[in-house]
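Protein chains in written order, with full-length UniProt numbering: chain A, 1 to 249; chain B, 1 to 249.
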C-alpha cells in the first residue's frame, strides 16, 4: 500500500534539474524510475559531503550501505543455494564472499555507471580514502531500492542487473587467486620476509582440517584453514592480503 | 504461483504420523502450517543424522542454516534501520550482532520449542559438539520458511515470533556484558594470566579510536577497538571470549 501511494505521489512531484538527472541515471542503472527519490539521494551521498541533520548525526550513505549489504547477501545466498543443490554451506559461503568482495563490487559499480551519480568531496581524495567508494555506493543503492520498492524488486535488480550480466560464476569457482604469490611479492618489495607455520591439524572424523599461520618478519598476521596444508596456506595468505589491504593493488 | 500450487497440493497429501507431528510443531512455532514439508524436514535434521544423497553429499540442515542466517540478517537490519533513524551503521551492526549471537539464538530456540523438533545423534553428544544446535536449527527453520512461503512471510515470522516477543532491544543496548571479568575469571581457573596492551591510537579527526590487544601468558589472543581504552579492552575481551568459546559457560 505504502509503495502504491509513493508510486502515485511520484507522478505529481516537480523535480529540480539535478533531481531529474538523478532519476534518469537511476532508471538507466536499475531499469525503472524511483517512486520515492529520497533514499536514492542519500544513497549517492558519500560521508565526505554529508551534512549534520541532528545532534552531530550525518545523513550519509553508510546506513543504507549496511542495509543494502544485507539485502545483497540474502539474494546471492538464495541464488547459490538453488543453483548448487549438492554443494555444502562452506562452498556457498566462499563463492558468495567472492561475489560480494570489495574488488568485484567496485568493478561492477564502475561498469554500470555508479561513478557518475555518487557525490563526494574530491579534494579530500587520497589513494586509500575512497578505495571502496563505488562498491559501497552500489550497496547503498541496493538499500535504497529495497526501501523504495521492496524485496522482490531489489532481488530482481540484483539478479538481472548485477549477478547474471556481470559475473561468470563458473569462472569464479574455478579461479583460485594466488594470494600466496601476491603476499610474497608484496613482502619482498617491503624488504620483509614471510613464513608459514603449521599450527594444528583437526581430526574431523572422515577428514582432516589444517590450520596454518602466516607471519611477516616473525609477527603473526593471519590464520587460514583448509583440507590440505597448501589450501590452508592460501587461505591464510588471502586473509593476510585482506588485512594488509593488498586486494586492490 | 509456485507457492500457491504448493498450498493447494498440501491439502491432498496424506502424511505419516511422524510428519503430522512435525506439521503440528511447525504450526505451533511459526504460526501456520507448512505448504511444502520437505524444507522443514531438512531444517530439523542435524548433520549427525543426515544420510548421503549424492556422491557423499549429506542433506543436513547446514545449507538451510546458511540461507536462514542471511534472511535473519536482512530482516533484523531493516528493523533496526527503521527503528533508529539517527544511529550510525556501527551502532546498527553492533546491536544486530547481539541479537543474532549464538547465545541469544540458542535461548530463543529453546523457548519456542526447537529442541522438540530437531533430530540429532544423541550418542555422539559431547559438551561442545552440539553447543549451537538449537540456534543453528532455528536459522535453518527460517531458511525453510523462506523457501516455503517467501520473504514477506519469513520477515513476519522473524519480527512477530522472534524479535518482538523475545528481545528487549533497549535492554540489549544498555547492557554491556562484562567480558573483561569473564575472561579474567576464566584465566584464573586455568592458572594463566591475562594482560591488556595498548597498540595504537587512531586520530579520526573529531574523535580518537583506541586499539587494545589482550594477551594470555603473553600470547596475543584478540584485538579490540573503541572510543576509550576501557571500551577497547572490553571489545578485545569480548573477541577473546568468542575465540575461546567462553560464551556459553
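Built from N, CA and C at the ideal position, the CB exists for glycine as well.
Treat the numbers as computed from the prediction; the structure is a model and nothing was measured.
If you draw a straight line from the Cα of residue 22 of chain A to the Cα of residue 39 of chain A, it comes to about 12 Å.
When the five nearest sequence neighbours on each side are left out, the beta carbons in the same chain lying within less than 6 Å of the beta carbon of residue 105 of chain B are those of 135, 138, in order along the chain. At a cut-off of 8 Å between beta-carbon atoms, residue 73 of chain A makes contact with chain B. Taking 8 Å as the threshold, the shortest C-beta distance from residue 22 of chain B to chain A does not fall below it. Counting only unbroken stretches of 3 or more residues, the beta strand (DSSP E) elements lying wholly within the UniProt domain "RNase III" (23-150) of chain A are 52-54, in sequence order. Leaving aside the five residues that flank residue 224 of chain B on each side, the residues in its chain whose CB is nearer than 6 Å to its CB run, in chain order, 212, 232, 235, 236, 239. Counting only unbroken stretches of 4 or more residues, the alpha helix (DSSP H) elements lying wholly within the UniProt domain "DRBM" (178-246) of chain B are 179-189, 229-243, in sequence order. The alpha carbon of residue 198 of chain A has as its nearest neighbour, out of A:209, A:190, A:192, A:189, the alpha carbon of A:209. With the criterion set as a beta carbon lying under 8 Å from some beta carbon of chain B, the members of the UniProt domain "DRBM" (178-246) of chain A are 220, in sequence order. Residue contact with chain B for residue 137 of chain A: absent (no Cβ-Cβ distance below 8 Å to any residue of chain B). The shortest CA-to-CA distance from residue 158 of chain B to any of B:3, B:173, B:108, B:174 is the one to B:108. Just so you know, the alpha carbons of residue 193 of chain B and residue 244 of chain B end up roughly 14 Å apart. DSSP places residue 14 of chain A outside both helix and strand once states are collapsed to three, so it counts as coil.
For chain A, the residues of the segment 79-90 of chain B that bring a beta carbon within less than 7 Å of one of its beta carbons are 81, 86, 88, 89, in chain order.
Per DSSP, residue 160 of chain B is not a residue of any alpha helix (DSSP H), being assigned neither H nor E. Nearest to residue 150 of chain B by C-alpha distance, out of B:35, B:18, B:8, B:13, is B:35. Note that the C-beta distance between residue 183 of chain A and residue 241 of chain A is below 8 Å. Leaving aside the five residues that flank residue 201 of chain A on each side, the residues in its chain whose CB is nearer than 6 Å to its CB run, in chain order, 208, 210.
Note that the segment 94-101 of chain A does not touch the segment 94-105 of chain B; fewer than 3 beta-carbon pairs, one per stretch, sit closer than 8 Å. Comparing alpha-carbon positions, the option among A:7, A:37, A:4, A:9 lying closest to residue 20 of chain A turns out to be A:37. In this structure, residue 89 of chain A lies away from residue 146 of chain B, with their beta-carbon atoms at least 8 Å apart. In terms of Cα proximity to residue 170 of chain A, the closest of A:95, A:59, A:53 is A:95.
Nearest CB-CB separation between residue 66 of chain B and chain A: below the 8 Å threshold.
Around the CB of residue 141 of chain A, 16 or more other CB atoms lie within 10 Å, so the residue is classed as buried.
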